[in-house]
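K.L.:
The structure under discussion is supplied below as C-alpha cells; questions concerning it will follow.
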Amino acid sequence: MTSQAATEYEKYYVPEKSKLAVCATIGLILSIFGAASIMNDMTFGDPEESTYSWSIFLIGLFFFMATLFSWFKIAIQENIAGLNSAQLKKSYVLGMFWFIFSEVMFFFAFFGALFYVRTLVGPWLAGDGDGGRMNGILWDGFEYAWPMMQTPQEAVGGATEQLIANNGAFTSAETSMAFADAHAWYAWLPMWNTAVLLTSSLTCHFAHTNILKGDKSKFNLWLGITVGLGIFFLFLQFMEYYEAYELFGLTLNSGIYGSTFFMLTGFHGFHVFMGMTMLLIQLLRSVIGKQFTAEDHFGFEASSWYWHFVDVVWVFLFLFVYIL
Amino acid sequence: MGFKAKRLVQAALAPVLLLTSVVCAAAGELSSVNMSPGVTVVGREIYDLHMIILGICVVIGVLVFGVMFYSIIYHRKSRGVTPATFHESTKVEIAWTVVPFIILIAMAVPATTTLLDIYDTDEAELDIIVKGYQWKWKYEYLTEDGDNVAFFSNLRTPQAEIYNVEAKGQNYLLEVDEPLVLPVNTKVRFLVTANDVIHSWWVPQLAVKKDAIPGFINEISTRTADEGVYRGQCSELCGKDHGFMPIVVNVVSKEEYAEWFAGKQAEAAEVNDLMAQTFAMDELMDRGQSVYTRNCLACHGADGEGGVGTAIAGSAIATGDVSGHLEVGINGVPGTAMQAFGGQLNDVDMAAVITYQRNAFGNNMGDLIQPIDVYNYKKGQ
Amino acid sequence: MGDHHHGPAKGLTRWLFTTNHKDIGTMYLWFSFAMFILGGFFAMVIRAELFQPGMQLIDPAFFNQMTTLHGLIMVFGAIMPSFVGLANWLIPMMIGAPDMALPRMNNWSFWILPPTFLLLASTLFMEGGAPAFGWTFYAPLSTTYAPPSVTFFIFSVHVLGLSSIMGSINIIATVMNMRAPGMTYMKMPLFVWTWLITAFLLVAVMPVLAGAVTMMLMDIHFGTSFFSAAGGGDPVLFQHVFWFFGHPEVYIIILPAFGVVSQIIPAFSRKPLFGYDSMVYATASIAFLSFIVWAHHMYTVGMPVAGELFFMYATMLIAVPTGVKVFNWISTMWRGAMSFETPMLFSIGFLVLFTIGGFTGLMLSIAPADFQYHDSYFVVAHFHYVMVAGAVFSMTAAIYFWLPKWCGRMYNETMGKTHFWISFIGFNLAFFPQHFVGLAGMPRRIPDYALQFADFNMMSSIGAFIYGASQILFLYNVIATIVAGEPTSEEKVWDGAEGLEWTLPTPAPYHTFETPPAVK
Ligand code: HEA
Ligand code: HEA
Ligand code: CUA
Ligand SMILES: [Cu+2]
C-alpha cells in the first residue's frame, strides 16, 4: 500500500485516547439539565420549593468551560510541539469555516422570521388580502406598521378582551428603537455601535497585516484595541437595553417587535461576547505566551474570521432592525 | 434497450387496467380503499386528479419494475451470463431526464386548474365562522342584522363505548350533539379559525380541509349538490382528545334549513329570557351536569377526579370563595389548558356548571349561583 | 503521542476515550440500533392500541407521547446516527485516509448522544408527561399548551443539533482534505459523495432547527410572541422555520441510503455503476431543491395561491433527479450478472419500495389533492415507505454488506435471506393498508378510530408485529456473526465489490492507510 506519494508525505496527526470528549459531554449535559430546570422552576415551579437547578447548572458550566480550556490548550501545545502537518492545519481551517457557516444559518432563521412577520403576518393581521375579515372579526382596530408599536391584543383592548385565550398578555412599546424623534442623533446608540464595530473590524484587519509582517508589538497593539472596542460595543449594547427597558417600554413582552428586536440583538451581542473572548485569549497568548509568528497564527486568524462574521451580521441587523 | 420493449409495455398495461377498473368500481360513495369523490364539484375534480396521478404513477411503476424484474430474471449470475461493461450513455440519460419532466408538466396542468378552482373567492351566500376549541367545534352563522346564531358541537359517543363497556354504535366517534346544518346548493364560505391551538377542519366528502389557526382566519368555500349527512374529523394534532373532535355536516333542503335557522334564533332568544330567572337547586344541578359532561369532563374527569385539569372533587377553588371559582370558570387560567369559558357558555350554563361543581363529587358547598351572579361578575371586571 | 501501530486499548476506556474512527463508528451503530429498538417498541405500543377500535391499553395523552417519541427517536436517534456510524467506518477507508479529520471532536459528537437521548426518554417520567405534540411540535401546542418537560426537549434538540453539526463538519473536512493523492472528487465512491452533500445539508439546516426551538423556548419562558397572533406573531411562522429544516432533513435521511445502494447494486450486478456523473449531479440537485420545497407540508395552512403553486411545482421537480437515480440503478442491473445475497435483496427491496414511497410523495406534492391526503394515514404510509423501506432497508443492506469486512466473519446467509423475506412481507402488510385507510379518511395521530377503518388497522398491526419480530432475527444474526461467524480473510469479501476498502485486509485493521494509497 505504499506509493511514491508516501515519500514526501507528512504524517497526519491522529491523537491517541483522550478524556476531553467525555468530560466535555458531562459538563454540557449537566449545564443544559441545570438550565432547563432553572427555566422550569421560573415558569412552572413552586417558589417555596428550593431546588438545585442553579448549582447543577453552574457546576456543569464550570466543568464544561474547564474542559474546553484544556482542550484548546492541548491543541495549542500540539501545534507548538510541531505535530500538526500542513494537512491537519487545513482541517482546522475547514472546520472553522463550516462552523461559521452554521452560525450564519442560525441567524438566517431569525432574519427569516423577521422578514416573514414584517412583510406577511403584520399586513394579514391588519386585514390585508381577505377584504378585512380577519381584522374585522378577530383584531378589530388593529393597524399594521413597523415597528409594531401596538400589538393586536392591545388594539382590541388587552388580554381580557382578547379573543384568543391563554396566550399571555403582551404590552406594547412606547418608543421604537429606530432612528426617530425620541433621540437626538448623537444619542442614538445603534449608530455609535455600528461605528465601533466597523472600526474594530478594521483594527482587527490591521492586526492581521502586522502579524503577517511579523511585527508582534504592532499586532498586540491593534489586537488590544480590537478587544477594547469589542468591550465598548458590549457596554453600549447594555446601555441600549437599559434604555429600552427603563425608558422606552420595549421589553421581551412587547409583542413581536420586542421579540425580534431582543432575539436578534441579543444573540448578536452574545456572539460579540464570544468573539471578544476569543480575541482576548489570542491577545493573552501573544502577550504572555509569546506565541504566534508571521507563518503560524491560526488561532488568531480563526478568531478574526469569527469577528468579521459578527461584524457583517451587525450590518444586516443595523439595516433591518434599526433603519428599514 | 429498444428490443422487447413493446411486449413489455403490453405486459405492463394489463395489470394497470385491471387495477384501475377494480379501484374505479370500488370508488362509489364511501370507499374503504380509495378517496371519496364526494358531493361537490371541487371534490369530484380532486378525485379525478387523484386518479390521474395515481394512474400515471402505476404505469410508470409497472414499466420501471417490469424492466427491473426482467433483468433480475434474465441477467443473473446463476444463468452463467457474463456481465456487460457499459456504464453510461448520454442519450438515454437525457431521455430519462426529459421524459419525466414532460410527464410532470402533464400533471401540473390539471393540478393548477383544480387549485385555482378551489381558491375561487366569489362572494358566498352564507358565511359561517368555524372555530376550533380543545376539543370541540363552534359554529357561528353570520347574519346581516347581526343576530348571529352560534353553538358548540361536541362528541356524542359515550365514554362507555370508547372504553369498550358498551357495544360501539354505527357512527362510533363520528357523531356530535349538534351538527352543522347547511342548505343544499348554496355557496357557503367557512371562516376557519381556532381559539387555542391549531386544529384542522376536514370533511372528506366536501373536499374541505383547512387549518384552524388561532388568531388568523382561513377561508374556504363549498357548494354541496346533494342532501345528506357528511362526517369528518379534526385533522391536526391538537392535544389529548384530538381523535375525539368529529365534525358532522347535515345538508338539508333550503326550506328545512330556513326552518332550522329560525328555530335556532328562537332558542337564543329563550336563553335570553332564562338569564333573568332564578333557578332552584335541582334545576341548576341537572343543567349543570349536562354542561359539565359536555364541556368539562374531558379534562376534569367523570367524577371530578381530574386528568388534564386539576381535580374538582375537594378542590380548593371549587370549595372556596364563589368569586374565585367564577374567575377560573369565566376567564380560565392563562397559560394552561383551562380556557376562558366565559365566552363559550352562556350565563345560564355557566351558573349551572359552577353550581354543579360546588355541589357534586362530594363538594357540599350548598350555595346556588344564579345567571345574574355570573352576569354581575363579568360586568364587574 | 507517537506510535500508531498498536491496536485498541482494553476495557471500557477504549470506548470512552477513543479517537479511532472505527471504534466511534461501531459505537454509533450500536447506539442507533438501541434507539431503533426503543423507537420500535413505542411503535409497537401504537400499533397495539390501534389493533382494534376503542381504547384498550393506554390513554389518549400517553398515545400522543408515544407518537411523538417514536418519531423523534427514530429520526434523530436511530436513522441519523446509524448513517453517521457508517460514514465513520467507511469514509476514511473509502478515500484512503488514516482517520477522520478531527478525531477528538468525532468522539465528542458521539458521546453527546447517549445522555441526550436518556434525557429525552426520561421526560416520560416527568410531571405532565413527555412531549405530546408530535415530532413536528407545532406551536402553540408545543409552547403555551405544552407540558413542562418541553424545556428538556428543547435543550435536547439543541444538543443533538450540536452533535450533528460537529459530525458533519468532521465529514466535510475529511472528504475535502483527507483524500489520498489521485482520489479526485469525481473518483470518490458514491457513498462518500452522498455523505458530503448530506453533511452540507446538515450544517445548513440544523442551526435553523436550533433557531426554531430557541424561539419556542423564549415564547414559553420569556414572554415573547413569535408564535402568537395576539402579540403580532404567527403560529404558522413556526411551521415555516421547522419545515425549512424538516424537508432537507428527510433528504438527510435518504441521501446516504442512496449512497449505500449505489455501492451494493454494482457489486452484486458485477458491473460498474451506470451514470456515475449523473448520480452525483442528481444528488446535488435533490439537495438544492430540498431548500425550496418546504411548504409542501403546509398546503392547508392557508397560504396565498401563488405560494401554493410555487411549492407544488418545485416539489414535483424532485421526481426528476430521483428518477434519474432509480433509472441508473436499474441500468446498472441491466445485463449484469446478478446474484442475490442478503445485501442485494435488501437493496432491491429498497429500490421497489422506495420508488412506491416516492410515487405517493409525488401524489402528495399535488397541492389540491393534498387537501384530501394531508394529515391522513396516506401520509403515514408515504413516509414509512421512504423511511423504513428506504432508509432502514438500505441500512440493513449496508450492515450485511460490510459486516464481514469489519469483523472478518461471514454472517449466516440463510438467516439473512429469511430476515429479508419476513421483513418484506411484514413491512408491506403493515404499511400498504395505511394507504387505504388514509384515502378513506382516517386522520393520523389518533388513538382511536371509526369502525370502517377497523379491518385494515388490524392487518397493519399484525404486519407491524411481524416486521418488528423479524428484527430479532437480524440482531441475533449480527451478534452470532461477530462472536462465532465463519472466519473469512478474503480482501474482497464480495467478488464484485470495488473500492479502496476492499483492498484492505479482512478484518479491517485498527489503523488503516497511515500512508495514503495510490489511486489510479
Ligand atoms: C426519507 C424520507 C423522505 C423522502 C425521500 C421523501 C420524498 C418525497 N416526499 Fe415526503 N415525507 C417524509 C419523508 C420523505 N419524503 C416525511 C417524514 C413526511 C411527513 C412528515 C410529517 O408530517 O410528519 C413526508 C411528507 C411529505 C409531504 C407532505 C404531506 C402532507 O403532510 O400533506 C409531501 C408533499 O408534497 C411529500 C412529498 C415528497 C416528494 C415529492 C418526495 C420525492 O423526493 C420523491 C421522489 C421519488 C419518486 C417520484 C420516485 C422515483 C422516480 C421515478 C421512477 C421517476 C419517474 C416518476 C415520475 C415522473 C412520476 N412528502
Ligand atoms: C425513520 C423513521 C421511522 C421508522 C424506522 C419507523 C418505524 C415504524 N413506525 Fe413510524 N413514524 C415515524 C418514523 C419512523 N417510523 C415518524 C417520523 C412518525 C410521525 C410521528 C408523528 O406523528 O409525530 C411515525 C409515526 C408512526 C405511526 C403513526 C402514528 C400516528 O399517527 O398516530 C405508526 C402507526 O402505525 C408508526 C408505525 C411504525 C412501525 C410499526 C415501525 C416499525 O418499522 C418499527 C419496527 C422496529 C421494531 C419493532 C424494533 C426492533 C425489534 C425488536 C426490539 C424486536 C421485538 C419486537 C417484537 C416482538 C414485536 N409510525
Ligand atoms: Cu382539534 Cu385535532
Ligand atoms: Cu418534505
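Those protein sequence lines, which keep their order, are chains A, B and C.
Positions in the first sequence are counted from 1; adding 666 to them yields the working numbering.
Positions in the second sequence are counted from 1; adding 1 to them yields the working numbering.
Positions in the third sequence are counted from 1; adding 566 to them yields the working numbering.
Glycine is no exception: its CB is placed at the ideal position from the N, C-alpha and C atoms.
1) Under 7 Å between C-beta atoms, does ARG799/A make it to chain B?
2) Identify the continuous alpha helix (DSSP H) that holds TYR923/A and give its terminal residues.
3) If you pair each beta-carbon of the region 895-910 of chain A with each one of the region 952-961 of chain A, do three or more pairs fall below 8 Å?
4) State the CB to CB distance for the pair PHE1002/C and VAL34/B, rounded to an integer number of angstroms; the pair is presumed to be in contact (CB under 8 Å).
5) Look up ARG77/B in the DSSP assignment and give the residues it is bridged to.
6) Which of the residues in the region 173-202 of chain B, read from start to end, lie with their CB under 9 Å from any CB of chain A?
7) Could you tell me whether the region 749-758 of chain C touches the region 715-727 of chain C, where touching means 3 or more Cβ pairs closer than 8 Å?
8) Is the region 860-877 of chain C touching the region 88-108 of chain B in the sense that three or more CB pairs, one from each, lie closer than 8 Å?
9) Less than 6 Å separating the Cβ of PHE1031/C from some heavy atom of ligand 2?
10) Indicate, with yes or no, if ligand 3 has a heavy atom lying under 6 Å from the CB of MET246/B.
11) Taking Cβ-Cβ distances shorter than 9 Å, what residues in chain C pair up with ALA226/B?
12) Could you compute how far the alpha carbon of ASP806/A sits from the alpha carbon of GLY788/A?
13) Taking just the CA atoms, how far does ASP589/C sit from PRO680/C?
14) For a test of the three-state rule: what should DSSP assign to CYS297/B, helix, strand or coil?
15) For THR750/C, which of helix, strand or coil comes out of DSSP?
16) Would you mind sorting LEU950/A into buried or exposed? The rule is 16 or more other CB atoms within 10 Å of its CB.
17) Which partner residues of ARG190/B appear in the DSSP bridge assignment?
18) Which residues in the same chain as VAL893/A place their Cβ atom closer than 8 Å to its Cβ, once the five residues preceding and following it in sequence are excluded?
19) Is the beta carbon of CYS235/B within less than 6 Å of some heavy atom of ligand 3?
20) List in chain order: all unbroken alpha helix (DSSP H) runs of 4+ residues lying wholly within the region 844-890 of chain A.
21) Would DSSP call ALA1050/C helix, strand or coil?
22) Rank SER316/B, ALA96/B and PRO372/B by C-alpha distance to the C-alpha of ASN364/B and give the top, closest one.
23) Closest by CA to TYR258/B, which one among VAL189/B, THR311/B, VAL182/B and ASP146/B?
24) Skipping 5 residues on each side, what residues in its chain have a beta carbon closer than 6 Å to that of LEU918/A?
25) Tell me the residue span of the beta strand (DSSP E) that contains TRP812/A.
26) Give the secondary structure of ASN165/B by DSSP, where H, G and I count as helix, E and B as strand, and everything else as coil.
27) Chain B partners of TRP790/A, CB-CB under 8 Å?
28) Enumerate in chain order the residues of its own chain whose CB-to-CB distance from PHE723/A is below 7 Å, with the five nearest sequence positions on each side excluded.
29) Output needed for ASN219/B: all residues of its chain with C-beta closer than 6 Å, excluding positions within five of it in sequence on either side, in chain order.
30) Is any heavy atom of ligand 1 found at a distance shorter than 6 Å from the C-beta of ILE725/A?
31) Could you tell me which chain C residues have their CB closer than 8 Å to the CB of GLU769/A, listed as they occur along the chain?
32) Just list the residues that DSSP pairs CYS235/B with in beta bridges.
33) Within 10 angstroms of the Cβ of MET1008/C, are there 16 or more other Cβ atoms? Answer buried if so, exposed if not.
34) Look up TRP701/C in the DSSP assignment and say whether it is helix, strand or coil.
35) Mind checking ILE130/B: buried by the 16 CB within 10 Å criterion, or exposed?
P.N.:
Based on what the coordinates show:
1) yes
2) 921-953
3) no
4) 4 Å
5) MET904/C
6) LEU192, THR194, ALA195, ASN196 and ASP197
7) no
8) no
9) yes
10) yes
11) Those within 9 Å of ALA226/B in chain C number zero; the least Cβ separation is about 18 Å.
12) 14 Å
13) 15 Å
14) coil
15) coil
16) exposed
17) ASP128/B and SER222/B
18) MET942, LEU945, LEU946 and LEU949
19) yes
20) 855-879
21) helix
22) SER316/B
23) VAL182/B
24) GLY924 and PHE928
25) Counting along the chain, TRP812/A falls outside any beta strand (DSSP E), and DSSP gives it neither H nor E.
26) coil
27) PHE217
28) SER697, GLY700, ALA701 and ILE704
29) VAL193 and LYS211
30) no
31) PRO773
32) TRP202/B
33) buried
34) coil
35) buried
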